[in-house]
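**Q**
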């Protein structure tokens with residue numbers, strides 16, 4: 029699989045050059061745990077091909093990513109018992125299309141400005157509001173979502 033962006037951390041994860049707590053992988057996409065989840069269990073689904081914007085994806089690939097997110101979201105409901113599972117494509121942060129799948133405990137979890145800050149280069153997660161999780165915790169979350 030060709031990865032067009034040498035600077036893209038998601039492409040480095042796909043190629044195995046950067047670590048990730050992988051939940052799922054097939055020939056078109058992969059899912060891995062978010063380093064700074066709003067709640068334990070949050071993960072993202074990305075295409076294996078480097079595509080900057082979600083809207084630039086072929087329809088069948090976008091649909092496949094949504095179906096993978098939905099199936100893993102069902103597992104999230106069983107494992108973490110959130111009130112809802114949220115699906116977010118905000119287009120900020122890493123310039124590689126990604127679907128965030130978030131276990132929601134409160135309606136403000138994905139709509140609150142407390143989690144997002146505006147910078148000179150765009151929007152990003154407020155790192156002081158959303159702490160980094162340890163690799164061991166992320167690996168444990170990934171195993172729970174895989175059913176192992």
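In the numbering used here, the protein residues as written are 29 to 176.
For glycine and all other residues, C-beta sits at the position ideal for the given N, C-alpha and C.
Remember, predicted model here, so these are calculated numbers, not experimental data.
#1: When you compare the segment 97–105 with the segment 49–60, are there three or more beta-carbon pairs, one atom per stretch, that lie closer than 8 Å?
#2: Measuring CB to CB, does residue 93 end up less than 8 Å from residue 39?
#3: Could you give the distance in angstroms between the alpha-carbon of residue 44 and the alpha-carbon of residue 132?
#4: Is residue 29 helix, strand or coil when you go by DSSP?
#5: According to DSSP, is residue 113 helix, strand or coil?
#6: If I follow the unbroken alpha helix (DSSP H) through residue 42, where does it start and stop?
**A** Looking at the coordinates:
#1: yes
#2: To locate residue 93, count along the chain shown from 1; it is residue 65. To locate residue 39, count along the chain shown from 1; it is residue 11. No, Cβ-Cβ distance for residue 93 and residue 39 is not below 8 Å.
#3: Here the question's residue 44 lines up with position 16 in the chain shown. Here the question's residue 132 lines up with position 104 in the chain shown. Rounded to the nearest angstrom, the two C-alpha atoms are 30 Å apart.
#4: Numbered from its first residue, the chain shown carries residue 29 at position 1. Because residue 29 sits at a pLDDT of 41, beneath the cut-off of 50, its placement in the model cannot be relied upon, and the following sentence gives the value as read from the coordinates. In the structure shown, residue 29 sits in coil (DSSP, three-state: anything other than H, G, I, E or B).
#5: Here residue 113 is taken as the residue at index 85 of the chain shown, counted from 1. Strand.
#6: By one-based count along the chain shown, residue 42 stands at place 14. From DSSP, the alpha helix (DSSP H) with residue 42 extends over 37–43.
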